[in-house]
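For what it's worth, UniProt numbering labels the leading residue of the sequence shown as 1, then goes sequentially.
Remarks on the structure that follows.
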Amino acid sequence: MANILYSMSLTQTLDAKYCIGSYAIHPGAVTTNINRHAKPEEIEQALKRVRELGFEAPAKTPDQSANSSVLSAVNP
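Okay, here's the thing in structure tokens:
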């Protein structure tokens, strides 16, 4: 939330004078090997907590998760 608020404030500051926007981007859940050293039970416990919060969306590939970042960088 702080990232979103900061991005909004930065856009207000820079847009009028320089036509520069700021975007707060979250890639979503991404399939990586970041947990390669974690124990399977630790991974399952973390996923259980995420599901309890209501997040059920499938994980994206790294390429898919980069789409929003690339789009915001090239689309004015």
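A virtual CB, placed ideally from N, CA and C, is assigned to each residue, including glycine.
Asked: For a minimum of 3 consecutive residues, which ranges assigned as the beta strand (DSSP E) are wholly contained in the UniProt region "Disordered" (55-76)?; Found: none
Asked: Using 8 Å as the threshold, is the stretch 25-36 in touch with the stretch 62-74, meaning 3 or more CB pairs across them?; Found: yes
Asked: Sorted by chain position, which residues of the same chain lie with C-beta nearer than 7 Å to residue 50's C-beta, five sequence neighbours on each side aside?; Found: none
Asked: Hey, out of 36, 26, 20 and 53, whose CA is closest to residue 74's CA?; Found: 20
Asked: Assuming the contact rule is C-beta atoms closer than 8 Å, residue 3 and residue 16 should be a hit. Round their C-beta distance to whole Å, please.; Found: With 8 Å as the limit, residue 3 and residue 16 do not qualify as a contact, their Cβ atoms being about 22 Å apart.
Asked: Leaving aside the five residues before and after residue 11 along the sequence, list all residues of the same chain whose C-beta is less than 6 Å from its C-beta, in chain order.; Found: 21 and 22
Asked: I'd like the list of long-range same chain contacts for residue 58, defined as Cβ closer than 8 Å, with 5 residues on each side in sequence excluded.; Found: 29
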